[in-house]
Each structure stands twice: as C-alpha cells, then as structure tokens.
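**Student:** My structure is below; once you've seen it, I'll send some questions.
There are 2 protein chains.
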Amino acid sequence: MKFEIKSKDPQSKARAGVMTTDHGDIETPIFMPVGTMGTVKGVHQKELIEEINADIILGNTYHLYLRPKTEILEKAGGLHKFMNWERPILTDSGGYQVYSLSGRRKIKEEGVNFKSHIDGSYHFFSPENVMEIQRTIGADIIMAFDECTPYPCDYKYAKRSMHMTHRWLNRCMAHLERLPFKYGYSQTFFPIVQGSTYKDLRKQSAEFIANVGAEGNAIGGLSVGEPAEEMYAMTDVVCSILPEDKPRYLMGVGTPINILENIALGVDMFDCVMPTRNARNGMLFTAYGSINIKNKKWEDDFSPIDSMGITYVDTYYSKAYLRHLFAANELLGKQIATVHNLGFYLWLTREARKHILAGDFADWKNKMVRQMDNRL
Amino acid sequence: MKFEIKSKDPQSKARAGVMTTDHGDIETPIFMPVGTMGTVKGVHQKELIEEINADIILGNTYHLYLRPKTEILEKAGGLHKFMNWERPILTDSGGYQVYSLSGRRKIKEEGVNFKSHIDGSYHFFSPENVMEIQRTIGADIIMAFDECTPYPCDYKYAKRSMHMTHRWLNRCMAHLERLPFKYGYSQTFFPIVQGSTYKDLRKQSAEFIANVGAEGNAIGGLSVGEPAEEMYAMTDVVCSILPEDKPRYLMGVGTPINILENIALGVDMFDCVMPTRNARNGMLFTAYGSINIKNKKWEDDFSPIDSMGITYVDTYYSKAYLRHLFAANELLGKQIATVHNLGFYLWLTREARKHILAGDFADWKNKMVRQMDNRL
Chain A
5 MKFEIKSKDP
15 QSKARAGVMT
25 TDHGDIETPI
35 FMPVGTMGTV
45 KGVHQKELIE
55 EINADIILGN
65 TYHLYLRPKT
75 EILEKAGGLH
85 KFMNWERPIL
95 TDSGGYQVYS
105 LSGRRKIKEE
115 GVNFKSHIDG
125 SYHFFSPENV
135 MEIQRTIGAD
145 IIMAFDECTP
155 YPCDYKYAKR
165 SMHMTHRWLN
175 RCMAHLERLP
185 FKYGYSQTFF
195 PIVQGSTYKD
205 LRKQSAEFIA
215 NVGAEGNAIG
225 GLSVGEPAEE
235 MYAMTDVVCS
245 ILPEDKPRYL
255 MGVGTPINIL
265 ENIALGVDMF
275 DCVMPTRNAR
285 NGMLFTAYGS
295 INIKNKKWED
305 DFSPIDSMGI
315 TYVDTYYSKA
325 YLRHLFAANE
335 LLGKQIATVH
345 NLGFYLWLTR
355 EARKHILAGD
365 FADWKNKMVR
375 QMDNRL
Chain B
5 MKFEIKSKDP
15 QSKARAGVMT
25 TDHGDIETPI
35 FMPVGTMGTV
45 KGVHQKELIE
55 EINADIILGN
65 TYHLYLRPKT
75 EILEKAGGLH
85 KFMNWERPIL
95 TDSGGYQVYS
105 LSGRRKIKEE
115 GVNFKSHIDG
125 SYHFFSPENV
135 MEIQRTIGAD
145 IIMAFDECTP
155 YPCDYKYAKR
165 SMHMTHRWLN
175 RCMAHLERLP
185 FKYGYSQTFF
195 PIVQGSTYKD
205 LRKQSAEFIA
215 NVGAEGNAIG
225 GLSVGEPAEE
235 MYAMTDVVCS
245 ILPEDKPRYL
255 MGVGTPINIL
265 ENIALGVDMF
275 DCVMPTRNAR
285 NGMLFTAYGS
295 INIKNKKWED
305 DFSPIDSMGI
315 TYVDTYYSKA
325 YLRHLFAANE
335 LLGKQIATVH
345 NLGFYLWLTR
355 EARKHILAGD
365 FADWKNKMVR
375 QMDNRL
C-alpha cells in the first residue's frame, strides 16, 4: 500500500491523501460503510458503487468466521470474489465483537475463548489465528488483534489491557511474517492504539504503535460511550504522535459531526454502523440536520427526501412516501434510508476533502457542525 | 383503454395483444408484480423498470385505504405520484382481502363490515365507496367489488354469493357513472366472474359479465386452494364465454406452470404474490425448475444464481453468496431473490408472447411445463 498526502489544511490538522491498494485507490478522508457479513445491509453492491460511490467497505472477522465460515471464503477465493466486490475491503480483527460478548468470553494472555452468538459453540481467537483468518478472508487492510476496553474503564485495567494489546501486536506481526498472502494481492496490516480515556496511556500506546513502523495505524477503544470531548482529546493526543506520512484510522466513529471534528484532528479513515443502523430505524442524516422520518409531521410532506439529491433516492422518493414505508414496515423503506445515509456520509467526507484541497476546511467544518446539529 | 389482439396461437387459445392506457402500453400476456402497500416488497421502482421491466403493477385497495389512507393519496395526486411510478397500475377492490379477514368481517347485501388488521378499528366497504376509493387511488384499471368464495364452497353458498357479486357489480357501475376521474387520465373498470368451482355457475357468471360490455374482464375466486385441474377447467369455461376482443385477467394466479397453462386457455393478465413472497423465503423460480437457496447443497456452489442472466443479479451474485445471505437473514438476500423471481416471471410471459407471435406457443409451453416442474 502507498499513501500520499496531497494537501494539508492550514488551520487544522486535516489532510487530504490517496491510499493505493491492489484493488484501487482510496481518497482520504474516507468513510467506510460496514458490511458486517459480507453485505452492507439493504444495499446492492451495484448501488454501493454507482450511487454511494464507496471507495472501500468493511467486513467483520468475527461474523465472517462464524458465517459463512472461513473455509467457504477460502473456496470462493476470498471475500472480494465471494461477494463480487472489486474495490478495497478492510477487515477488523474480531477484537471488538469478542469484547462485546460479555458473559460469553474469557480474555487471557493466550487469546480469547468465546461462545458463538449463533449456536453457543465454543471458539478461540488468538493473535495468530486471527491473522490466519484475515489472510483467508483476504481484505486489503487487516487489523491487529486487540482488546477493546469498555467505558468507563479503571486505570489499572486499561493499563494492563493496553500492554497485553501491545504484546498481542508483536505476536500478530511475528505470525504474519510467516504467512504469505493467499490470493496474489497484498494485504496491509494496521496496528491499533488503545489506552481508554487516559492521556498518558494513549500517549504511551501511540508511541509503541508508531515505533512499529506499520503502513497505517488505527485508534481503537473510542466511541464506546465516552463524551465526544473525551474522544476528541484522545484523538488529538494520538494523532500528534502517530507518523504523519501514514494513514490514521479511527475505528467505529461516528456521527457526521464526530467525523468532521476528527478529520480536523488529523484522522483519515472512519467506519461506523450508524448511517446503516439508524437508516433501518428511520433516522436520516442530512447537511441541515437529522430527520426522524417516522414522525407524523412528514405524513403529507411530498417534498423530496433530501433536495440536495446526493443519491437518486433523495429526489426520486418523497418524505411522505418514505414515512409510509416505515409506518408499514416495508423493506423498501430501509433500503431507501440506507442508500440515502451512506450517500450522505460519503458526500460528507468527499466534501471535507475538497475543502482541505481548497484550503478552507476549518471554516467549512465549523459551519457544517452547526448546521448538522439540528433536528428537522 | 384500447385492446388489440396481434396474434392467436393456432394450437391453443393463447393470444398476444397490446393494451393501451394513459400511462403506457401493456403487452399481453402479462404478469403484474404485486405492490400491496404502494411498494413491490424489497424492490426499488427503478429496478422494476430497468431490471424487471414490469409494464404494470398492482396495488391493494384494502391496504392502501388503511395505510397511508385515501386522503394522503388524494393529497399526493394519486398512487402514481405518491410512489413515483409512471407506468400503469391496477388496483383490486379489496374484496379478496376483506374475505380473508375471517372472523373480523361480516358480509351483508349492503356491503362488508370489517375490522382493520392493524388497529382493530371498524370500517365498511360497499360497492359504492370502494369505487370512490379506487377513483382516489387513481389506478389505470380498477376492479369491481366482489365476494371471493373460499374453497371448498357449498353450491348453495357459491350461487347466492355469485348473485350478490352480480348485484354489487350493477351498483359499482351505477356509482361509477356519477363519479368523474380525479386526475386527468382515464380509469378502466373490470367486472369479475365468480361461481367457485361449479361449471354451471361459472358459465352463468361469465354470461352475466360478458353482457355488461366492460373493456376488460376478470376471473376471481380461483387459486384459493383448489387443485390446478379444477382451476383450468373453470378458466376454460369462462374464457369460452367472455368476449374475445377484451383482455381477460385471472386474479391471484399463480405458479409459472399455472400461468402458461392459463395463457393456453386464453388468459391475458396475471398477478400473484408467489414470486415476491417465495423470494423472501429463499425460493427461486427458474426455467429449469425451482431452487430452495437455503439448502446446504448450495453452500459452496459458486456458480451464478441463474446462468440465464435475465436480470443482472442472476449473474452478479453466486448461489453460495445468496445462500449465505439467507442463512444470515440479511435483507440483501430477499432483495436479490425478489429481483430474480420477478425478472423470471416477466421473462416467462414475454417469452410466451414471442412464441404466440411465432405460432409455436403450444409446443414451447409443453416443454417449459415439463422443465419447470423440477426441484433443483
């Protein structure tokens, strides 16, 4: 993977770059739609390309490992072929999902024992086998196996956990050295900074990660319930330490406002289930604020869903029609809202990029943050 | 509406025609996807046009009356505008849905009292108010308010019900004469033949309906559980009496085989929830038989869903991928299967038309009926 910074914003730490992978270029800042099970819920691959124009999507190692299972993905020749997606893919390491299975998992130095949420069967993830699984899934960017601490998290636990994540990182890298790529294209490995909401731990972790000299770096353990200001404080500390010439990925973030604020702090890559999950619940994001389309006030509002018309659904369907689809619990409602929200998120990061290139990102960001804070 | 027969099959009663409506032409024989609530479940309007190429779709009066409600559709300027669908629409009369609400409805000479399946509220449908509702929904083809008898149905009930349906028909027509179109395009009224599975009643009803001189005629009360042979026998009797120069619509039918057999008996129009409902349960129709995509046998079958490639989904996605989506209960599975099945149904009726025009329909039909009877 190659990463080139095209421009830096003069009034913030925002950067516009290009990542080059064997499956194509990714212009940063970028939002990556979440395709947990090898599908971005409710959206055809064709729509992801033609309407949403997603440069890269995410897959979840934990979910794909359980279903369709690693051996099916191997037989298919990897996730790209399995789902017929020719653009880049990033897989997480399963660390976050396994951490979420509280009561069903046991974290030890060796790795994590867990029970499948599907059938209760027992499984074991270690830094080593998670690297093997990610080799088999075949994403362009693969992630270190880490422990994601909860919020709040006591200092002692956060510190111990961070050190284990660092030891696991060494094991991931040692194991990857012995594991060749499986499908004739390269996979880039990103380590993950942890340290909960403690500045000194975040600093220590970022220094450890920076030292590893990876081609890209991630910030984990945020957007787990902490106030936005704490998140920004941590991002700020970490970005000031992570190498400037490598892409920075803030995992699991966030609202449109979170994304712009973190871009201003030097983050390049984002993923979050919010645009897709909220869409399925009838919440739409727009440049002028959010819309709960289930509200009765939209019942006879025949204006377009979003007059900005980022994707075709925005002007093809009316608010009243979309509201009706949600009232009747129709699949098409979820489909339309998902295309809209993802289209908007991708527009937002592209627009951020344009403003970074134009040198007026900070002003634009401040205006957008105010505007998007409304409930319509 | 104009109806022109372009060709008749020499070895069966199949006909190829063209219906002209104010929203465009419909080439017959035609299958009409069911859009119960103003949406064909799981499919964008754009896909209905570009992939499935549906000439006409159906809406259900009962459902649209309850949600979004007639007054919202009136404010929208009719269902076409509400859902942004510029091609023809047909609405049923609500008779079938109301009949299905057993225990929640009371049928009297005046009309039907029923309780909403949504909130238990009380409503009344009469031949007169159903015509008003259909004027407001604004479909291109609107249906008489009838009673759909169950199967089996005793002779006495079937006869009494048929006569009431005939009296209701007179009331529908008398009321329509006083009701102008609402939206500047015309609406064509189809009466409905009833008579359960009794040949003499079907004959009597078909004669009554034929006498009415409507621009098109429908056959109701079939595909309600009777054996296919009884259905064909009834269709045969009725089609031999209904005027030749008017389109004939067999309501709620059916499997791909049912459709071809009824085309051979002189039917021009069909609708059925089978392609969409079965799709959502993982059942695919193909020219070579049906597929239960949930079966484990497809787990590592990476061949296209349907190598015929009628719609793009057929070759874009593999059987193994679609099977995975159903195993994981992902929305995209339902979406793909629905596009596939509707694409296939529309292909089937178009192909039937081609063969009628070519004069070799009967042979082709017999071959297809054998072929489609397989389970793959």
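Protein sequence lines correspond, in order, to chains A and B. Going left to right, the first sequence walks through residues 5 to 380 as our numbering numbers them. Going left to right, the second sequence walks through residues 5 to 380 as our numbering numbers them. All residues carry an ideal CB built from backbone N, CA and C; glycine is no exception.
#1: On the premise that L346/B lies in contact with G337/B, defined as a C-beta separation below 8 Å, what is that separation, rounded to the nearest angstrom?
#2: I'd like to know whether the C-beta of K17/B is nearer than 8 Å to at least one C-beta of chain A.
#3: Taking CB distances under 8 Å as the criterion, tell me whether G46/B reaches chain A.
#4: Measuring only the C-alpha atoms, how far is V257/B from L352/B?
#5: Could you please give me the residues that DSSP links to P308/B through a beta bridge?
#6: For T290/B, I'd like the list of residues in its chain whose CB is within less than 6 Å of its CB, leaving aside the five on either flank, ordered along the chain.
#7: In angstroms with no decimal places, state the Cα-to-Cα distance between T169/A and V134/A.
#8: Are the C-beta atoms of Q339/B and some chain A residue less than 8 Å apart?
#9: Three or more C-beta pairs under 8 Å: does that hold for the region 51-61 of chain B against the region 86-94 of chain B?
#10: Using only alpha-carbon positions, find the residue among V317/B, K207/B, H344/B, K45/B that is nearest to V241/B.
#11: Within 7 Å: the Cβ of D367/A and any heavy atom of the ligand ADP?
#12: So with CB distances below 7 Å, who are the chain B contacts of I76/A?
#13: Taking all protein chains shown into account, decide if P251/B is buried (16 or more other Cβ within 10 angstroms of its Cβ) or exposed.
#14: For D275/A, collect the residues of the same chain with a Cβ closer than 6 Å to its Cβ; drop the 5 residues on either side in sequence, then sort them by chain order.
#15: Flag L329/A as yes if its beta-carbon sits less than 8 Å from any beta-carbon of chain B, otherwise no.
#16: With a threshold of 8 Å between beta-carbons, can M41/B be considered close to chain A, or not?
#17: Could you spell out the range, first to last residue, of the beta strand (DSSP E) harbouring A341/A?
#18: Look at D13/B and A366/B and say whether their C-beta atoms are less than 8 Å apart.
#19: Report, in whole angstroms, the separation of the C-beta atoms of M23/B and S97/B, which I expect to be a contact under 8 Å.
#20: For A72/A and chain B, any beta-carbon pair shorter than 8 Å?
#21: So which residues of chain B does N88/A contact, with C-beta pairs closer than 8 Å?
#22: Quick one: Cα of I314/A to Cα of G42/B, how far?
#23: Output the distance between the C-alpha atoms of E211/B and T32/B, rounded to the nearest integer angstrom.
#24: Can you tell which of K6/B, E8/B, F7/B, S16/B has its C-alpha closest to the C-alpha of G270/B?
#25: Within the chosen definition, does the region 135-143 of chain B reach the region 180-190 of chain B through at least 3 CB pairs nearer than 8 Å?
#26: Can you give me the Cβ contacts of T65/A inside the same chain, cut-off strictly under 7 Å, excluding the 5 residues immediately before and after it?
#27: In angstroms with no decimal places, state the Cα-to-Cα distance between Y253/B and R327/B.
#28: I believe T201/A touches E234/A by the beta-carbon criterion, under 8 Å. Please report the beta-carbon distance rounded to the nearest angstrom.
#29: Closest by CA to M372/B, which one among L335/B, A268/B, Y321/B?
#30: Look at the alpha carbon of E78/B and the alpha carbon of H84/B, and state the distance between them as a whole number of angstroms.
#31: Need the endpoints of the alpha helix (DSSP H) that F212/B sits in, please.
#32: How should P156/A be labelled, buried or exposed, when 16 other C-beta atoms within 10 angstroms of its C-beta is the threshold for buried?
#33: Tell me the DSSP bridge mates of T192/A?
#34: If you measure beta-carbon to beta-carbon, which residues of the region 144-162 of chain A are closer than 9 Å to chain B?
#35: Given this structure, state the Cα-to-Cα distance separating F335/B from T192/A, to the nearest angstrom.
#36: I want to see whether chain A comes within less than 8 Å of A332/B, judged by CB atoms only; does it?
**Tutor:** Quick look at the numbers:
#1: With 8 Å as the limit, G337/B and L346/B do not qualify as a contact, their Cβ atoms being about 15 Å apart.
#2: Chain A, which has no Cβ nearer than 8 Å to the Cβ of K17/B, makes this no.
#3: Yes, G46/B lies at the interface with chain A (some Cβ there is under 8 Å from its Cβ).
#4: Whole-angstrom Cα-Cα distance: 14 Å.
#5: Looking at the DSSP assignment, P308/B forms a beta bridge with S322/B.
#6: For T290/B, where only same-chain residues beyond five positions count, the Cβ hits under 6 Å are D310.
#7: Approximately 14 Å, taken between the alpha carbons.
#8: Answer yes: the Cβ-Cβ gap between Q339/B and chain A drops below 8 Å somewhere.
#9: By the Cβ criterion, the region 51-61 of chain B is in contact with the region 86-94 of chain B, since at least three pairs of Cβ atoms, one from each stretch, lie closer than 8 Å.
#10: Taking only the C-alpha atoms, the option nearest V241/B is K207/B.
#11: In the structure on display, the ligand ADP does not appear, and there are no ligands present to speak of.
#12: Here the neighbours are E303, D304, A324.
#13: P251/B is buried by the Cβ-count criterion.
#14: Cβ within range, chain order: M36, V38, L62.
#15: Closer than 8 Å to some Cβ of chain B, the Cβ of L329/A qualifies, so yes.
#16: It does: the Cβ of M41/B has a partner Cβ on chain A nearer than 8 Å.
#17: Run containing A341/A: none in the beta strand (DSSP E); it sits in the alpha helix (DSSP H), 335-362.
#18: Yes.
#19: The C-beta distance from M23/B to S97/B rounds to 19 Å, too long to meet the 8 Å contact threshold.
#20: The residue you asked about is not Ala; residue 72/A is Pro in the sequence shown. Between P72/A and chain B, the shortest Cβ-Cβ separation is below 8 Å.
#21: In chain order, Y320, Y321, S322, Y325 make up the part of chain B whose C-beta sits under 8 Å from the C-beta of N88/A.
#22: Spanning the two alpha carbons is a distance of roughly 24 Å.
#23: Distance from the CA of E211/B to the CA of T32/B, rounded to the nearest whole angstrom, comes to 23 Å.
#24: Residue S16/B holds the alpha-carbon nearest to the alpha-carbon of G270/B among K6/B, E8/B, F7/B, S16/B.
#25: Yes, the region 135-143 of chain B is in contact with the region 180-190 of chain B.
#26: Counting only Cβ-Cβ distances below 7 Å, and skipping sequence neighbours, we find T95, D96, S97, G98, V134, I137, Q138, I141.
#27: Near 35 Å, if we compare the C-alpha coordinates of R327/B and Y253/B.
#28: Cβ atoms of T201/A and E234/A come within 8 Å of each other, at about 5 Å.
#29: With distances taken between CA atoms, M372/B lies nearest to A268/B out of L335/B, A268/B, Y321/B.
#30: If I take the Cα positions, the gap works out to 11 Å.
#31: Secondary structure note for F212/B: its alpha helix (DSSP H) is the uninterrupted segment 203-216.
#32: Counting Cβ neighbours within 10 Å, P156/A comes out exposed, since fewer than 16 surround it.
#33: Per DSSP, the beta bridge partners of T192/A are I145/A.
#34: Those residues of the region 144-162 of chain A that come within reach of chain B (Cβ to Cβ, closer than 9 Å) do not exist; the list is empty.
#35: Checking the sequence, you will find Leu at residue 335/B rather than Phe. Straight across, the Cα-Cα distance linking L335/B with T192/A is about 31 Å.
#36: Closer than 8 Å to some Cβ of chain A, the Cβ of A332/B qualifies, so yes.
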